[in-house]
Amino acid sequence: MSNGSDERPDAEERIDALAEIAMRFARVRGEIEKVYIGPETIVEALMIALLARGHVLIEGVPGIAKTTLVKTFAQTLDCSYRRIQFTPDLLPSDITGTYIFNRRNDEFVLREGPIFANIVLGDEINRAPAKTQSALLEAMQEEQVTVEGTTRALERPFLVLATQNPIEQEGVYLLPEAQLDRFLIKLDMGYPTLEDELVIMVTHARETEPVEPVLSPAEVLRWSQLVEEVTVRRELVEYIVNLSRYTRAAAQVSLGASPRASIALMRGAKARAVLRGRDFVLPDDIKALAPLVLTHRILLHPESELSGVSSRQVVQMALDSVPYAS
Ligand SMILES: Nc1ncnc2c1ncn2[C@@H]1O[C@H](COP(=O)(O)OP(=O)(O)OP(=O)(O)O)[C@@H](O)[C@H]1O
Ligand SMILES: [Mg+2]
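The opening residue of the sequence shown carries number 2 in the working numbering; numbering runs sequentially from there.
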């Protein structure tokens with residue numbers, strides 16, 4: 002084989018790999034559907050965050066299957082999974098771990114905390130004080146953990162799925178804006194539709210089939226690699242930036258989407274493209290993800306909030322007004 006023909010098989014391999022991903026992802030969805038009934042976009046959002054090396058904050062009232070969804074998602078991935086229930090007395094070391102003395106060989110060994118897993122569910126993170134929250138958020142940001150001065154890298158894939166109760170509830174500590182920004186995606190989970198709720202009732206009347214792992218950690222890393230290689234046309238990069246800029250200039254807004262938000266939107270759009278078997282981003286990828294990526298990074302003026310405007314509406318206004326050149 003000559004070197005000159007090297008490029009072709011590469012491109013062909015990639016096309017095959019992408020077609021395979023779309024099929025395999027359908028299997029993941031099929032496994033999750035055995036247990037969790039809800040919009041496909043929710044499962045897709047979790048997978049997008051996993052592939053884009055981001056994290057997800059899920060907000061919603063009790064009893065809508067937040068925990069069930071996350072657990073089932075982890076089961077389909079054949080990854081290690083740990084759950085941390087956040088409470089007012091949870092300490093940072095309950096997340097990261099502590100050194101304990103091992104008598105047998107006279108040395109301190111790290112007893113790893115629950116953060117040392119591929120998929121970590123941080124349940125009700127706004128029930129713990131800021132210091133404990135930041136232990137989680139630091140790990141998310143750095144993909145490493147420092148325990149008593151020693152730094153340890155976390156194994157990849159590493160995905161934090163955090164849940165939080167709506168802010169109206171008592172005894173919750175609000176996550177500061179800067180920390181909300183650490184989440185690639187924020188999902189507002191609502192009540193199921195009538196049709197879905199009827200299916201939930203039937204599903205729970207009988208024993209559900211066991212969920213099978215259909216994706217390995219190594220495969221997840223390979224898919225993530227493909228996400229890095231997705232191309233985004235110049236016009237679409239401009240489109241993303243203009244959406245962010247719109248939110249900064251909007252009269253109702255006191256803090257708009259940062260460049261970090263623009264980057265997050267691009268990463269998410271690339272991951273969505275890969276899940277749909279493409280190695281290029283379409284305007285639709287950006288439009289579908291903008292509400293999930295931008296809404297929680299926008300802070301409104303108190304008076305706009307009082308007059309009933311929401312961050313979500315600002316993002317919708319951006320989508321309605323910002324044109325993209327094609
Ligand atoms: N969309 C759904 N699909 C399947 N099961 C559901 C759905 N919504 C609720 N259920 C069922 O309702 C119960 C509550 O689910 P779960 O504990 O996961 O809720 P949660 O949102 O985590 O609640 P909490 O905020 O109290 O922790 C479970 O038995 C779950 O299977
Ligand atoms: Mg729960």
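Here a beta-carbon is modelled for each residue, glycine too, at the ideal position from N, C-alpha and C.
How would you label residue i, buried or exposed, when you count the other beta carbons within 10 angstroms and need 16 or more for buried?
| i | result |
| --- | --- |
| D11 | exposed |
| M141 | buried |
| R104 | exposed |
| A106 | Inspection of the sequence shows that residue 106 is occupied by Asn rather than by Ala. Classification of N106: exposed, given that the 10 Å Cβ count is below 16. |
| S255 | exposed |
| A291 | buried |
| I241 | buried |
| R128 | buried |
| T73 | buried |
| T88 | exposed |
| L276 | buried |
Need the endpoints of the alpha helix (DSSP H) that residue i sits in, please.
| i | result |
| --- | --- |
| L122 | No alpha helix (DSSP H) contains L122, which is instead part of the beta strand (DSSP E) from 120-124. |
| R84 | Unbroken run through R84 is the beta strand (DSSP E), 82-86; no alpha helix (DSSP H). |
| S217 | Per DSSP, S217 belongs to no alpha helix (DSSP H) and is neither H nor E. |
| V275 | 260-276 |
| L307 | 303-307 |
Thinking C-alpha only, which one of the options is nearest residue i?
| i | options | result |
| --- | --- | --- |
| Y37 | E139, P193, V148 | P193 |
| D124 | L70, E113, R261, E143 | L70 |
| S312 | P324, I299, A319 | I299 |
| L138 | V148, E149, I126 | I126 |
| I49 | V310, R30, V62 | R30 |
| L237 | N106, I264, A258 | I264 |
| V148 | F184, F109, L295, E32 | F109 |
| S217 | S259, T232, I22, L266 | I22 |
| S245 | L266, E143, V233 | L266 |
Can you give the Cα-Cα distance for residue i and residue j, rounded to whole angstroms?
| i | j | result |
| --- | --- | --- |
| V215 | Q317 | 36 Å |
| Q86 | L58 | 15 Å |
| D17 | G39 | 30 Å |
| S3 | A20 | Annotation note: pLDDT 44 at S3 (below 50); position unreliable, no value reported. |
| C80 | H302 | 42 Å |
| E220 | P158 | 10 Å |
| G45 | D286 | In the sequence as displayed, the identity of residue 45 is Glu instead of Gly. Using only the alpha carbons, I get a separation of about 12 Å. |
| A222 | L52 | Checking the sequence shown, residue 222 turns out to be Leu, not Ala. Approximately 8 Å, taken between the alpha carbons. |
| L307 | A252 | 14 Å |
| R25 | K35 | 16 Å |
| V323 | K271 | 20 Å |
| Q145 | S225 | 19 Å |
| M202 | T42 | 21 Å |
| V62 | L188 | 12 Å |
| S94 | A262 | 30 Å |
| L91 | H297 | 25 Å |
| T152 | L111 | 11 Å |
| G5 | E13 | In this predicted model, G5 has a pLDDT of only 46, less than 50, meaning its place in the structure is not dependable enough to derive any value. |
| P130 | L160 | 22 Å |
| I33 | L181 | 27 Å |
| T164 | A250 | 31 Å |
| M190 | T68 | 12 Å |
| L283 | A289 | 10 Å |
| L122 | V228 | 24 Å |
| I116 | P211 | 26 Å |
| Y100 | G150 | 11 Å |
Could you check what DSSP says for residue i in three-state terms: helix, strand or coil?
| i | result |
| --- | --- |
| N103 | strand |
| T68 | helix |
| S312 | helix |
| R234 | coil |
| A291 | helix |
| I16 | helix |
| F74 | helix |
| G257 | coil |
| R112 | strand |
| K132 | helix |
| I96 | helix |
| I49 | helix |
| V228 | helix |
| G5 | Legend: pLDDT at G5 = 46, less than 50; position of this residue unreliable, no value from coordinates given. |
| I186 | strand |
| Y240 | helix |
| R207 | coil |
| V148 | strand |
Can you tell me where the beta strand (DSSP E) holding residue i begins and where it ends?
| i | result |
| --- | --- |
| A1 | Absent from the structure is residue 1, since the part of the chain shown begins at 2 and ends at 327. |
| V200 | Element bounds for V200: not the beta strand (DSSP E) but the alpha helix (DSSP H), 195-204. |
| E60 | 57-60 |
Does any residue of chain C bring its CB to less than 8 Å from the CB of residue i?
| i | result |
| --- | --- |
| R234 | No chain C appears in the structure shown, which is made up of a single protein chain. |
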